[in-house]
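Visitor: Protein sequences, first through last, are from chains A and B.
Residue numbering for the first sequence is 1 to 221, as defined by our numbering.
Residue numbering for the second sequence is 1001 to 1221, as defined by our numbering.
The beta carbon of each residue, even a glycine, is placed where N, CA and C say it ideally should be.
Quick one: the structure is below, questions incoming.
Protein chains: 2
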Amino acid sequence: MKEKIYVHVADDHKILIEGIIAVINTDKEIEIKGYSLTGQEVIDWFDNKENSADVLILDITMPVLDGFQVLKHFKKKKIDQKVIILSSYDDLKIVQEVLSLGCKGYISKNNAGEHIVNAIKAVAQGEQYFSTDIQSMLLKSLSGQMVPQGEMPDKFLLDSLTERELDVLKLITKEYSTIEMADLMNLSTNTVETYRKSLLKKLNVKNAVGLAMYAVKNKIV
Amino acid sequence: MKEKIYVHVADDHKILIEGIIAVINTDKEIEIKGYSLTGQEVIDWFDNKENSADVLILDITMPVLDGFQVLKHFKKKKIDQKVIILSSYDDLKIVQEVLSLGCKGYISKNNAGEHIVNAIKAVAQGEQYFSTDIQSMLLKSLSGQMVPQGEMPDKFLLDSLTERELDVLKLITKEYSTIEMADLMNLSTNTVETYRKSLLKKLNVKNAVGLAMYAVKNKIV
DNA sequence: TTTCTTCTCACTGTTTTCAGTGAGTTCCTT
DNA sequence: AAGGAACTCACTGAAAACAGTGAGAAGAAA
């Protein structure tokens, strides 16, 4: 028999906590050790030396200190608490934010039931866990298929660039010189210069730095 | 009984292909349909209308058109071929590059054996698949935990920059030339050049683009 | 067939950046 | 008072980027 995994749950809706407890109780390896209804309660609970949990299930939106602030508290105090975010918002920026705050898992409430047990076990073993919809979102964002809300990439200009121009643009952002690019692409330096100048003109910037910044803004790199 | 999954393998080392075939043959659901030793062969094979495969296992480094170019070919021809990259390079940039080129899976050769069958099945079903080491690398990069090998942690570098150097760095990202900066800051061009060179040295990059990219990565701009 | 785009390359010149070295000033700290 | 860091400037030479113009080849589209 394996060691038990102890879990603390935090969400401002008690009915949801009860649901989670019900799901978790179906698994003999996992045991609930208390719950909290606000971020403040979470912090207080863990501040008490007598309390501890292998994994903390944490909601983002809570009154009196939200999930972010709880994570920030752990980070500030250098407490290496394993946390799984249970969120209703499938927003890339939120996911990235909590990841950078050291959380180890993220599951959306939509399909929490099917994921929560596996997530707890994975995180307890030191792995990371993301529900399938979050995973696919993360991968899309990585492969540049995602459009961050608010700032639309300049589709117009972007589409006006040819394949070769894009190749050169990418290499420029990697600090390649014209000679190096020509070498790598098996082209004449004159040709690479042509693409470089064409990029400057099309994107209406005045130097290579402008090209690089454009590439960054438009998620080409 | 499920439908068979047909797979084509491409790698310039025949011994590796044989190994993969051996592993795959242990699973009755999957069947090999040909192999290629160069990127050109892959393209030719798929260009032949009589040939097809549910999944293509593709090496990156190959003579006569590498994996990148094969992916580009599919993209250009708007062929929605499911591809799993089998690479010896666990480099974030490469992973991102092939992801943006539409590949659906990425496993490193280190632990290909344990992953390849699952990868094929997952991708065949339309999912994405990444071996655990690649996954953790991707997640680290997302949460900003990635520390580029060899380099000093960026906090130190960033702190080592003086006020004036930061001023110049910011202006560089705005496409200012040395003369323009000198004018704006009421300094000699020589002075601005000094800061510029100091930045290049401290941040260990080779040109202004490198400086700009550093500034972006470290949210200076 | 003609037109258009893309890709390729060349030539000439100017401007800017990069590299190395040296040095005087102020201000802060020990 | 001495040392160090930051700020300032100068000079030289090489390398790279930028600017403008022109043009042939291949392929797709009208």
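On the three-state DSSP scale, how would you describe A:Lys10?
Guide: In the sequence as presented, Lys is not what sits at residue 10 of chain A; that position holds Ala. Here A:Ala10 sits in strand by DSSP.
Visitor: For a contact defined as C-beta to C-beta under 7 Å, what are the partners of B:Gln1069 on chain A?
Guide: Those within 7 Å of B:Gln1069 in chain A number zero; the least Cβ separation is about 11 Å.
Visitor: Ordered along the chain, which non-local residues of its own chain (more than five positions away) have a Cβ less than 8 Å from that of A:Glu193?
Guide: Hits under 8 Å: Thr178.
Visitor: For A:Leu199 and A:Glu163, which I take to be in contact (beta-carbon distance under 8 Å), what is that distance rounded to the nearest angstrom?
Guide: That pair is no contact at about 13 Å.
Visitor: Below 8 Å on the Cβ atoms is my contact criterion, and I expect A:Val95 with A:Leu138 to pass it. Report the Cβ-Cβ distance as a whole number of Å.
Guide: Indeed they touch by this definition, with Cβ atoms about 7 Å apart.
Visitor: Can you look up B:Lys1174 in the DSSP assignment and give me helix, strand or coil?
Guide: Correct three-state label for B:Lys1174: coil.
Visitor: For chain A, is any of its Cβ atoms less than 8 Å away from the one on B:Gln1125?
Guide: It does not: the Cβ of B:Gln1125 has no partner Cβ on chain A nearer than 8 Å.
Visitor: According to DSSP, simplified to helix, strand and coil, what is A:Asp47?
Guide: Helix at A:Asp47.
Visitor: Report the CB separation of A:Asp66 from A:Leu86 in whole angstroms; it is logged as a contact under 8 Å.
Guide: Not really, about 13 Å apart at Cβ, beyond 8 Å.
Visitor: What number of angstroms, rounded off, separates the C-alpha of B:Ile1021 from the C-alpha of A:Lys14?
Guide: Approximately 54 Å between the Cα atoms of the pair.
Visitor: Is there a C-beta anywhere in chain A that falls below 8 Å from the one on B:Asn1204?
Guide: So, not an interface residue.
Visitor: Could you pull the start and end residues of the alpha helix (DSSP H) that B:Ile1094 belongs to?
Guide: Per DSSP, B:Ile1094 belongs to the alpha helix (DSSP H) from Leu1092 to Ser1100.
Visitor: Could you name the residues of the same chain whose beta carbon sits closer than 8 Å to that of B:Met1213, not counting the 5 residues immediately before and after it, in chain order?
Guide: So the qualifying residues of the chain are Val1205.
Visitor: Mind listing the chain A neighbours of B:Val1209? Cutoff is C-beta to C-beta under 7 Å, in chain order.
Guide: Ile172, Thr173, Glu175, Ala208, Val209 and Ala212, listed in chain order.
Visitor: Going by beta carbon distance, what residues of the same chain come within less than 7 Å of B:Tyr1035, once the five residues before and after it are set aside?
Guide: Counting only Cβ-Cβ distances below 7 Å, and skipping sequence neighbours, we find His1008, Val1009, Ala1010 and Ile1017.
Visitor: Could you round the C-beta distance between A:Phe130 and A:Tyr106 to whole angstroms and report it? I think they count as a contact, below 8 Å.
Guide: About 5 Å; that satisfies the 8 Å criterion.
Visitor: Between which two residues does the alpha helix (DSSP H) carrying B:Val1195 extend?
Guide: Checking the sequence shown, residue 1195 of chain B turns out to be Tyr, not Val. That run of the alpha helix (DSSP H) goes Thr1189 to Leu1203.
Visitor: Can you name the start and end residues of the beta strand (DSSP E) that B:Val1123 belongs to?
Guide: Unbroken run through B:Val1123 is the alpha helix (DSSP H), Ala1112 to Ala1124; no beta strand (DSSP E).
Visitor: Per DSSP, A:Asp59 is paired with what?
Guide: A:Leu86, per the DSSP bridge assignment.
Visitor: Would you mind giving the Cβ-Cβ distance between A:Gln81 and A:Phe46, rounded to the nearest angstrom? I have them listed as a contact below 8 Å.
Guide: Going by Cβ atoms, the distance from A:Gln81 to A:Phe46 rounds to 7 Å, so yes, they are a contact pair.
Visitor: Which residues of chain B have a Cβ atom closer than 7 Å to the Cβ of A:Val216, listed in chain order?
Guide: Val1216, listed in chain order.
Visitor: Can you tell me whether B:Ile1020 is helix, strand or coil according to DSSP?
Guide: Helix.
Visitor: Run through DSSP, which three-state label would A:Ser160 get?
Guide: Here A:Ser160 sits in helix by DSSP.
Visitor: Near B:Lys1109, which residues of its chain fall below 8 Å by C-beta distance, leaving aside the five closest residues on each side in sequence?
Guide: The residues are Leu1016, Leu1086, Ser1087 and Ser1088.
Visitor: May I have the straight-line CA-CA distance separating B:Thr1173 from A:Lys201, to the nearest angstrom?
Guide: Approximately 18 Å, taken between the alpha carbons.
Visitor: Report yes if the CB atom of A:Ile43 is closer than 8 Å to the CB atom of A:Ile5, and no otherwise.
Guide: Contact flag unset, no.
Visitor: Could you tell me the distance, in whole angstroms, from the CA atom of A:Lys77 to the CA atom of B:Thr1038?
Guide: About 54 Å.
Visitor: Consider the Cβ of B:Gln1128: report whether some Cβ of chain A lies at a distance smaller than 8 Å.
Guide: Answer yes: the Cβ-Cβ gap between B:Gln1128 and chain A drops below 8 Å somewhere.
Visitor: Which of helix, strand or coil does DSSP assign to B:Ile1015?
Guide: B:Ile1015 falls in the helix class under three-state DSSP.
Visitor: Using a C-beta cutoff of 8 Å, does B:Leu1139 count as contacting chain A?
Guide: Cβ-Cβ to chain A under 8 Å: yes for B:Leu1139.
Visitor: Using only the alpha-carbon positions, how far apart do B:Ala1215 and A:Ile79 sit?
Guide: About 30 Å.
Visitor: Rounded to a whole number of angstroms, what is the C-alpha to C-alpha distance between B:Ile1024 and A:Ile116?
Guide: Cα to Cα, the separation comes out at about 32 Å.
Visitor: Residue range of the alpha helix (DSSP H) that A:Lys28 falls in?
Guide: Run containing A:Lys28: none; DSSP gives neither H nor E here.
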